[in-house]
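Protein chains in written order, with the working numbering: chain A, 4 to 169; chain B, 4 to 169. We put the CB at the ideal spot given by N, CA and C, even for glycine.
2 protein chains.
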Amino acid sequence: MLWTMANEPDEARLAAWRAFVNAHAVVVDRIEHELIDQGKIPLSWYDVLVALWEAPNHGLRLHELARTVVLSRSGLTRLVDRLEAAGLLRREPCPDDRRGAVAVLTPAGRAAQLAAWPAYARGIEAHFARRLSDDEARILAEVLGRVDAAVREPSTPAIDCPKQPG
Amino acid sequence: MLWTMANEPDEARLAAWRAFVNAHAVVVDRIEHELIDQGKIPLSWYDVLVALWEAPNHGLRLHELARTVVLSRSGLTRLVDRLEAAGLLRREPCPDDRRGAVAVLTPAGRAAQLAAWPAYARGIEAHFARRLSDDEARILAEVLGRVDAAVREPSTPAIDCPKQPG
DNA sequence: TTACACTGATTGCATATGCAACTTCTTTAG
DNA sequence: CTAAAGAAGTTGCATATGCAATCAGTGTAA
Chain A
4 MLWTMANEPD EARLAAWRAF VNAHAVVVDR IEHELIDQGK IPLSWYDVLV
54 ALWEAPNHGL RLHELARTVV LSRSGLTRLV DRLEAAGLLR REPCPDDRRG
104 AVAVLTPAGR AAQLAAWPAY ARGIEAHFAR RLSDDEARIL AEVLGRVDAA
154 VREPSTPAID CPKQPG
Chain B
4 MLWTMANEPD EARLAAWRAF VNAHAVVVDR IEHELIDQGK IPLSWYDVLV
54 ALWEAPNHGL RLHELARTVV LSRSGLTRLV DRLEAAGLLR REPCPDDRRG
104 AVAVLTPAGR AAQLAAWPAY ARGIEAHFAR RLSDDEARIL AEVLGRVDAA
154 VREPSTPAID CPKQPG
């Protein structure tokens with residue numbers, strides 16, 4: 004069987020890619036600086052706290068956390084070290100697997116998350132959300148959610164992948 | 004003067020933000036790894052080479068380059084060090100300002116850029132572009148281009164901007 | 001049971017990056 | 001013209017992160 008798969012994006016999609024990458028760089032850079040200037044936790048910490056908050060029992064296996072926040076296992080180990088040292092989460096042994104550990108949100112961690120949110124929300128609103136119409140917001144969430152899901156999909160052969168229904 | 008400015012994004016815009024951040028993380032991570040596996044230059048190098056290629060005379064002042072690729076000045080100094088050591092660009096003294104330097108693309112730099120493009124293009128296509136309809140691509144480029152421009156705009160009062168001439 | 005491959009997490013080392021201080025040059029105020 | 005203020009770039013130091021190696025525990029097959 005032979006199907007043709009474009010291996011190069013057309014001009015419109017390339018423009019979308021470039022805008023995507025550039026907008027992310029400037030907006031995240033700006034928001035990160037604003038958070039630090041306001042004495043809040045860094046975004047990498049916030050992401051971990053949110054992932055834990057949204058997890059069952061506010062806890063996640065470390066490898067799951069690594070996948071969720073898109074960090075290498077070693078990177079996550081160190082990030083969890085810092086959060087644990089700050090008292091925002093704690094490691095607990097995993098009952099099912101004695102190799103494993105579970106990171107569990109502490110009350111202080113939840114408090115830090117809540118304390119950071121207003122500043123973060125202001126940044127998102129001022130530098131991102133304000134620029135979106137209702138339709139555009141809906142479309143961005145849908146399209147980028149689809150992109151995210153496709154990349155995270157365990158079976159993504161990339162070269163040999165049949166076209167997916169939009 | 005008093006007007007009400009929402010300082011928190013609504014649910015749809017927040018979903019867009021989260022999809023934006025998460026999709027960027029997973030897609031860029033994936034493409035970066037694919038490039039390295041294929042023996043190509045890292046994305047940070049590619050970004051610099053493209054910025055130079057698209058600049059007048061294929062050269063840019065270092066501080067302009069830093070703004071373009073969204074890097075601190077010191078970070079850019081070191082990145083340019085590495086690219087220069089690899090022969091992909093060269094520093095030239097700036098004729099107008101004796102403090103300044105201009106980074107200029109070399110033929111080897113242009114060659115490295117061209118050599119990396121097919122692998123990069125495959126990654127963009129496989130993990131991003133093929134998930135977008137024509138309309139979605141157009142909208143993403145427009146919206147995210149708008150967001151990028153607004154943040155880069157020197158006068159972005161956002162919340163508190165103490166010193167604003169005029 | 002035992003051997004072996006695999007997975008989860010951590011650690012050593014190397015790299016990439018930012019902040020703050022510094023040098024050099026330019027611009028502005030007086 | 002001179003001095004102060006500001007801007008461009010570099011460097012020292014600290015931090016964040018990844019890869020590869022390692023240790024410990026799990027699963028599988030003979």
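Taking B:R21 as the reference, give the member of A:P157, A:R155 and A:L147 with the closest Cα. A:L147
With 16 as the cutoff for other CB atoms within 10 Å, does B:D50 come out buried or exposed? Flag for B:D50 reads buried.
Just the C-alpha distance for A:H66 and A:D40, rounded to the nearest angstrom, thanks. 31 Å
Neighbourhood of B:T71 by C-beta distance below 6 Å, restricted to the same chain and skipping five residues each side: A54
Which residues in chain B sit within 7 Å of A:G148, going by Cβ to Cβ distance? A22
So, with DSSP's three-state summary, where would you put A:L63? strand
Assuming the contact rule is C-beta atoms closer than 8 Å, A:L91 and A:L52 should be a hit. Round their C-beta distance to whole Å, please. 6 Å
Close beta carbons around B:S47, own chain, < 7 Å, minus the five adjacent residues each side: L82
Note down the Cα distance separating A:H130 from B:R133, rounded to an integer number of angstroms. 28 Å
Just to confirm before moving on: does the CB-CB distance between A:V30 and B:V29 stay below 7 Å? no
Strictly under 7 Å for the Cβ-Cβ distance: is A:D40 near chain B by that measure? no
Ordered along the chain, which non-local residues of its own chain (more than five positions away) have a Cβ less than 8 Å from that of B:A9? none
In three-state DSSP terms, what is A:P12? Of the three classes helix, strand and coil, the one that applies to A:P12 here is coil, per DSSP.
Based on Cα-Cα distance, which residue from B:N60, B:A124 and B:E145 lies nearest to B:L108? B:N60
Using a cut-off of 7 Å between C-beta atoms, extract the partners of A:I44 located in chain B. Going along chain B, no residue has its Cβ under 7 Å from A:I44, so there is no contact; the nearest lies around 16 Å.
Is the beta carbon of A:A26 closer than 7 Å to that of B:L143? no
Determine the closest residue to B:A119 out of B:P45, B:E139 and B:D138, with distance taken between C-alpha atoms. B:P45
Going along the chain, which residues of its own chain have a beta-carbon closer than 6 Å to the beta-carbon of B:R33, five neighbours each way excluded? For B:R33, where only same-chain residues beyond five positions count, the Cβ hits under 6 Å are H130.
Can you pull out the residues from the stretch 123-143 of chain B whose beta carbon lies closer than 9 Å to at least one beta carbon of chain A? A124, R125, G126, I127, E128, A129, H130, F131, A132, R133, R134, L135, S136, D137, D138, E139, A140, R141, I142 and L143
Against B:E156, what residues of chain A qualify as contacts under a CB-to-CB distance less than 7 Å, listed in chain order? Chain A residues near B:E156: none, gap ~10 Å exceeds 7 Å.
So for B:A114, helix, strand or coil by DSSP? helix
How would you label B:E128, buried or exposed, when you count the other beta carbons within 10 angstroms and need 16 or more for buried? buried
Using a Cβ cut-off of 7 Å (strictly closer), state whether A:H36 contacts chain B. no
Label B:R125 either buried or exposed according to how many other C-beta atoms from any shown protein chain fall within 10 Å of its C-beta, with 16 as the threshold for buried. buried
So A:A122 and A:L38 are supposed to be a Cβ contact under 8 Å. How far apart are they, rounded? 6 Å
Which same chain residues, not among the five before or five after B:Q116, have their C-beta less than 7 Å away from its C-beta? Y49, L52, V53 and W56
Residue-chain proximity (A:R76, chain B), Cβ-Cβ < 7 Å: no
Mapping the DSSP letters down to three states, classify B:K166 as helix, strand or coil. Per-residue confidence for B:K166 stands at a pLDDT of 34, beneath the threshold of 50, marking its modelled position as unreliable; the derived number appears in the next sentence. B:K166 falls in the coil class under three-state DSSP.
Can you check whether the CB of A:A140 is closer than 7 Å to the CB of B:R141? no
Taking the alpha helix (DSSP H) that A:L86 falls in, what are its first and last residues? R76 to A88
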